[in-house]
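**Student:** Okay, handing you the structure first.
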Amino acid sequence: MALEKRSVIETHVNGCPVTLHFVSESVESVLEDVKAILSNAYDERVQKEIMELISRVSV
Numbered sequence: 173m174a175l176e177k178r179s180v181i182e183t184h185v186n187g188c189p190v191t192l193h194f195v196s197e198s199v200e201s202v203l204e205d206v207k208a209i210l211s212n213a214y215d216e217r218v219q220k221e222i223m224e225l226i227s228r229v230s231v
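According to the numbering used here, the sequence shown is numbered sequentially starting from 173.
Laid out in structure tokens, this is it:
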């Protein structure tokens, strides 16, 4: 997939650099996979911040 067909968000969450790449077409279950990963890796506040970033580019 060509890089120009992606949306990219670069930010800092809880002092850590975060880069999110989104493909232009929807991919089933990606949001659920991201939520599962976040629930195992970050505290609730960080999960909320990242989910808010994701919602900005979700269609």
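A virtual CB, placed ideally from N, CA and C, is assigned to each residue, including glycine.
Any idea which residues DSSP pairs I222 with across the strands?
**Tutor:** As a working note, residue 222 is residue 50 in the sequence shown. Among the bridge pairs identified by DSSP, I222 is matched with none.
**Student:** Between the Cα of K220 and the Cα atoms of T191, F194, S179 and V185, which residue gives the shortest distance?
**Tutor:** In the sequence shown, the residue the question calls residue 220 occupies position 48. Out of T191, F194, S179 and V185, V185 has the C-alpha closest to the C-alpha of K220.
**Student:** Inspect the beta-carbon positions of H193 and V202 and report whether they are closer than 7 Å.
**Tutor:** On the sequence shown, position 21 is the one that residue 193 refers to. On the sequence shown, position 30 is the one that residue 202 refers to. In this structure, V202 does not lie closer than 7 Å to H193 by Cβ.
**Student:** Between M173 and V195, what straight-line distance do the alpha-carbon atoms span, to the nearest angstrom?
**Tutor:** Mapped onto the sequence shown, residue 173 falls at position 1. Mapped onto the sequence shown, residue 195 falls at position 23. Its pLDDT being 43, under 50, M173 is placed unreliably by the model, and the measurement read from it follows with that caveat. M173 and V195: Cα-Cα distance of roughly 8 Å.
**Student:** Could you tell me which residues DSSP puts in a beta bridge with V190?
**Tutor:** Position 18 of the sequence shown, counting from 1, holds the residue named residue 190. According to the DSSP secondary-structure assignment, V190 is paired through a beta bridge with T183.
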